[in-house]
Amino acid sequence: MINKFFYKARNAMAWQQDLKDSGYQSSILINDEQELFYVYVFHSEIFYEVYRQHKELVLDPVFKESWVFKVNMIKY
Numbered sequence: 119m120i121n122k123f124f125y126k127a128r129n130a131m132a133w134q135q136d137l138k139d140s141g142y143q144s145s146i147l148i149n150d151e152q153e154l155f156y157v158y159v160f161h162s163e164i165f166y167e168v169y170r171q172h173k174e175l176v177l178d179p180v181f182k183e184s185w186v187f188k189v190n191m192i193k194y
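Under this note's numbering, the first residue of the sequence shown carries the number 119, and numbering increases by one thereafter.
See the structure below:
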């Protein structure tokens, strides 16, 4: 579940720190082709798990514009 994306690594890392300070764990996915840094807070190969997590987290204003990014999901 992607929370935000950035064109600069330092901005992605700063947002990741803000999330950590708010009590959320996150990671960064790097898209080398488009030179984007995606900050995500949840991942799974099972779409339904991500969908359920998104449905809960999107109620928090921090995650209101989050979305599910499908990469290598093999089960629905």
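For every residue, glycine included, the Cβ atom is placed at its ideal position computed from N, Cα and C.
Keep in mind it's a predicted model, so treat the numbers as computed, not measured.
When the options are compared against residue i, the one with the closest alpha-carbon
i	options	result
K188	Q134, Y158, A130, P179	Y158
S145	Q152, Q171, Q135, E153	Q135
D150	F165, D178, K173, Y125	Y125
L147	K138, M131, G141, L137	M131
Extent of the continuous beta strand (DSSP E) to which residue i belongs
i	result
G186	According to the sequence as given, residue 186 is Val; it is not Gly. First-last for V186: undefined, no H or E at that position.
K122	120-124
Proximal residues to residue i (C-beta, below 8 Å), its chain only, five neighbours per side dropped
i	result
N129	F155
V176	K182, S184
H161	M119, S145, V168
Supposed contact pair residue j and residue i - C-beta distance, whole angstroms, cut 8 Å
i	j	result
M119	V186	6 Å
Spatial neighbours of residue i in its chain, beta-carbon cut-off 7 Å, leaving aside the 5 residues before and after
i	result
K122	W133, V157
Query raised in the report: Which parts of the region 129-166 are runs of the beta strand (DSSP E), unbroken and 3 residues or longer, counting only runs that do not cross its ends?
Result: 145-149, 154-158
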